[in-house]
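Structure record follows, encoded as structure tokens.
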Amino acid sequence: MLEVTNLRKVYPTGDEALTGVSTAIEGNEIVAMIGPSGAGKSTFIRCVNKLTEPTDGEVSLNGTELTALDSREMKAARRNIGMVFQEYNLVERHTVMENVLSGRLGYVSNWAALRRKFPQEDVELAYDILETVGLGGMENKRADELSGGQRQRVGIARAVVQEPTILLADEPTSSLDPETSHAVMELLTEIAAERNIPVLINIHEVHLAVEYADRILGLHDGTLVFDGPTTDLDENAKDVIYRGEAIAGESSSNFVDESDTVTDDAERTERSAITGD
Amino acid sequence: MATGDRHADVGSTDRTWRRPTAFGSHRLKWAVYVGAMLFVLWSLVSLLSGVSLGRVLTGVNNGVLLLEAMVPPNTASENVDRVVGYMGETIAMAFVATFTGVLISVPIAFGAAENIAPRPIYYLNRGIISITRAIDELIIAIIAVKAVGVGPLAGIIAISYLTIGFFSKLFAEDIEDIDMGAKEAIDAAGASRFQTLVYAVIPQVAPRFIGLTVYRWDINIRSSTIIGIVGAGGIGTLLLRAFERYEFDFAALILFSIIAVVLVGELFSAYIRRRVQ
């Protein structure tokens, strides 16, 4: 279970990307984090495995407080967190198999890494996962020979081969065409069910979030403004997430921060004018 | 009507355009141009003031005599043997110096790459590179000859030293140009710093490493032909001796051999670099 408490991140430039976000993710749920560009979605996900160092707050995974770990302990903890990236982040000159096996690096010695010599069971696991993601027989292709969708599948295989207890996906579909995006989202949900792990996905395509996620986290300006089941994500909630304010007269129990749902009279009038209510 | 007037006003006052100059003001630009021209004139006048037409004619005459003494090159078999022997030493010097120079350069280059080295190490290694690049090769060769005596060892030291400044700087820049996404993904899997280096960084820079090494080897061949002039071994020693004894036809043979070897080295280097990149 991933528990995030009051997570805050201020960049050296003074930008406050996260203003104290709290949530918990468990079981094998698909959680989609949506919100406008610059809302802090990427920062949030990167603070979980400390690719970005949080300024304040706590992140704990299965009882281990990640924010309290030193860099060596953190490396060990990262083995349990699989991550999928927007730009795939493969080593382009490596073969598919080398890229997938890099997910096992946390478990092998430096010498083994240098010789690309992984334990037999790791190699077998990698073969199985390549089959799962639909890249069976592609192990010796170089990553730069693959299409975008195939590369992202390699990226997913690399994360899954870690046998993580949670999967993070940072905009996994943003570099893909709509059809491939659906395939990738389907794959992620399959993996969550099959391996019984939760998946946290940053995504800006709301329709994909609605289609595949069990639960939605809505981030606006570094603040979590929505946290609830996908079925509760109505137009009003989307408005809060994407514009930071609710349409007059509607409210939902899933708004995290009450103050965000309150709009004063002036704003209400303005809103009515725009929507034609 | 009023709007039209305003436009006309703006047009008459502020609508001329001149290409902005890098000097800030056009007056300064012309001042710099005129200053530079005056400086060139002054240099010519002060250097040539003592040179009479007669002196120029004698000089040209001597030049023609020298060229006449050089053709045809002396190809007596004992001369050819000496050239071949010294040329062997020259090429061996270039090989050994490239090898040791590159070996020393690699850790310096990694330390001088801003994206992977911690700050203090980065500054230290950048400092080393700047210092090694500050002194010209002949000066280093003279110092090496004074330090270890006349012969190829001095040449090897001098050329290795020069390789460091060149190779570390260019290789560090190549390391800085890698795709950091791949490195980040390997980090996120819990890999150690060393593993990240061998798995994500080195595969990306390996082709450039080979290209730069061959390129530097080709430069080193050229350097090792001249460095014998100050006693640091190689064919330069023979060339200097030939000039001192007024054996201009032998000197011509040496010069032709140098041109041949450097050309072959350059062609080979260009071919290899094209293959790996």
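As you go down the protein sequences, you meet chains C and P in turn.
For the first sequence, position 202 matches number 202 in UniProt numbering, and the numbering has no gaps at all.
For the second sequence, position 39 matches number 39 in UniProt numbering, and the numbering has no gaps at all.
Every residue gets a Cβ at the ideal spot worked out from N, C-alpha and C, and that includes glycine.
Return yes when the Cβ of residue j is within less than 7 Å of the Cβ of residue i, no when it is not.
i: residue 209 of chain C; j: residue 32 of chain C; result: yes
i: residue 69 of chain C; j: residue 77 of chain C; result: yes
i: residue 73 of chain P; j: residue 243 of chain P; result: no
i: residue 200 of chain P; j: residue 186 of chain P; result: yes
i: residue 5 of chain C; j: residue 58 of chain C; result: yes
i: residue 148 of chain C; j: residue 105 of chain C; result: no
i: residue 226 of chain C; j: residue 241 of chain C; result: yes
i: residue 216 of chain C; j: residue 231 of chain C; result: no
i: residue 250 of chain P; j: residue 79 of chain P; result: yes
i: residue 232 of chain P; j: residue 181 of chain P; result: no
i: residue 9 of chain C; j: residue 64 of chain C; result: no
i: residue 169 of chain C; j: residue 201 of chain C; result: yes
i: residue 224 of chain P; j: residue 90 of chain P; result: yes
i: residue 224 of chain C; j: residue 21 of chain C; result: yes
i: residue 248 of chain P; j: residue 70 of chain P; result: yes
i: residue 156 of chain C; j: residue 84 of chain C; result: yes
i: residue 86 of chain C; j: residue 181 of chain C; result: no
i: residue 222 of chain P; j: residue 262 of chain P; result: yes
Assign residue i to buried or exposed, taking buried as 16 or more other Cβ atoms, counted over all protein chains shown, within 10 Å of its Cβ.
i: residue 135 of chain P; result: exposed
i: residue 30 of chain P; result: exposed
i: residue 218 of chain C; result: buried
i: residue 39 of chain P; result: exposed
i: residue 51 of chain P; result: exposed
i: residue 64 of chain P; result: exposed
i: residue 188 of chain P; result: buried
i: residue 208 of chain P; result: buried
i: residue 164 of chain C; result: buried
i: residue 190 of chain C; result: exposed
i: residue 120 of chain C; result: exposed
i: residue 45 of chain P; result: exposed
i: residue 41 of chain P; result: exposed
i: residue 7 of chain C; result: buried
Would you tell me roughly how many angstroms separate the C-alpha atoms of residue i and residue j, rounded to the nearest one?
i: residue 141 of chain P; j: residue 159 of chain P; result: 8 Å
i: residue 19 of chain C; j: residue 23 of chain P; result: 47 Å
i: residue 34 of chain C; j: residue 122 of chain P; result: 39 Å
i: residue 171 of chain C; j: residue 128 of chain P; result: 42 Å
i: residue 249 of chain C; j: residue 61 of chain C; result: In this predicted model, residue 249 of chain C has a pLDDT of only 48, less than 50, meaning its place in the structure is not dependable; the value taken from the coordinates is given anyway. Near 39 Å, if we compare the C-alpha coordinates of residue 61 of chain C and residue 249 of chain C.
i: residue 269 of chain P; j: residue 190 of chain P; result: 40 Å
i: residue 220 of chain P; j: residue 253 of chain P; result: 21 Å
i: residue 93 of chain C; j: residue 162 of chain C; result: 21 Å
i: residue 26 of chain P; j: residue 37 of chain P; result: 17 Å
i: residue 183 of chain P; j: residue 211 of chain P; result: 23 Å
i: residue 52 of chain C; j: residue 143 of chain P; result: 50 Å
i: residue 55 of chain P; j: residue 68 of chain P; result: 20 Å
i: residue 132 of chain P; j: residue 162 of chain P; result: 7 Å
i: residue 105 of chain P; j: residue 193 of chain P; result: 20 Å
i: residue 33 of chain P; j: residue 173 of chain P; result: 35 Å
i: residue 107 of chain P; j: residue 157 of chain P; result: 18 Å
i: residue 46 of chain C; j: residue 165 of chain P; result: 38 Å
i: residue 42 of chain C; j: residue 179 of chain P; result: 19 Å
i: residue 116 of chain C; j: residue 131 of chain C; result: 21 Å
i: residue 146 of chain P; j: residue 265 of chain P; result: 30 Å
i: residue 1 of chain C; j: residue 28 of chain C; result: 10 Å
i: residue 117 of chain P; j: residue 176 of chain P; result: 10 Å
i: residue 278 of chain C; j: residue 228 of chain C; result: Since the first residue of chain C shown is 1 and the last is 277, residue 278 of chain C is not available in this structure.
i: residue 235 of chain C; j: residue 15 of chain C; result: 29 Å
Which same chain residues, not among the five before or five after residue i, have their C-beta less than 8 Å away from its C-beta?
i: residue 124 of chain P; result: 111
i: residue 82 of chain P; result: 238
i: residue 213 of chain P; result: 98, 102 and 167
i: residue 280 of chain C; result: Since the first and last residues shown for chain C are 1 and 277, residue 280 of chain C lies out of range.
i: residue 214 of chain C; result: 29, 30, 31, 229 and 230
Could you pull out every residue in the same chain whose Cβ sits closer than 6 Å to the Cβ of residue i, ignoring the five residues on either side in sequence?
i: residue 96 of chain C; result: 138, 139, 141 and 154
i: residue 199 of chain C; result: 30, 167, 188 and 192
i: residue 40 of chain C; result: 17, 18, 219 and 222
i: residue 36 of chain C; result: 242
i: residue 109 of chain P; result: 168, 171 and 172
Who are the Cβ neighbours of residue i in its own chain at under 7 Å, not counting the five residues just before and after it?
i: residue 50 of chain C; result: 66 and 74
i: residue 126 of chain P; result: 112
i: residue 158 of chain C; result: 99, 100, 102 and 103
i: residue 152 of chain C; result: 88, 172, 176 and 184
i: residue 134 of chain C; result: 153
Please confirm whether any heavy atom of the ligand SAM lies closer than 6 Å to the CB of residue i.
i: residue 240 of chain P; result: The ligand SAM is absent from the structure shown, which contains no ligands of any kind.
Could you tell me whether any Cβ in chain A is nearer than 7 Å to the Cβ of residue i?
i: residue 181 of chain P; result: The structure shown contains no chain A; the protein chains it does contain are C and P.
Handout entry: Three or more C-beta pairs below 8 Å linking the region 130-145 of chain C and the region 110-118 of chain C
Key = When C-beta atoms of the region 130-145 of chain C are compared with those of the region 110-118 of chain C, fewer than three pairs fall below 8 Å, so the two segments do not count as touching.
Practice task
Report yes or no: do three or more beta-carbon pairs, one from the region 223-238 of chain P and one from the region 145-155 of chain P, lie closer than 8 Å?
Solution key: Yes: the two stretches touch, three or more of their Cβ pairs being nearer than 8 Å.
Handout entry: Three CB pairs or more closer than 8 Å across the region 215-232 of chain P and the region 93-113 of chain P
Key = Yes, the region 215-232 of chain P touches the region 93-113 of chain P.
Problem - Any 3 or more C-beta pairs closer than 8 Å across the region 79-89 of chain C and the region 121-131 of chain C - result: No, the region 79-89 of chain C does not touch the region 121-131 of chain C.
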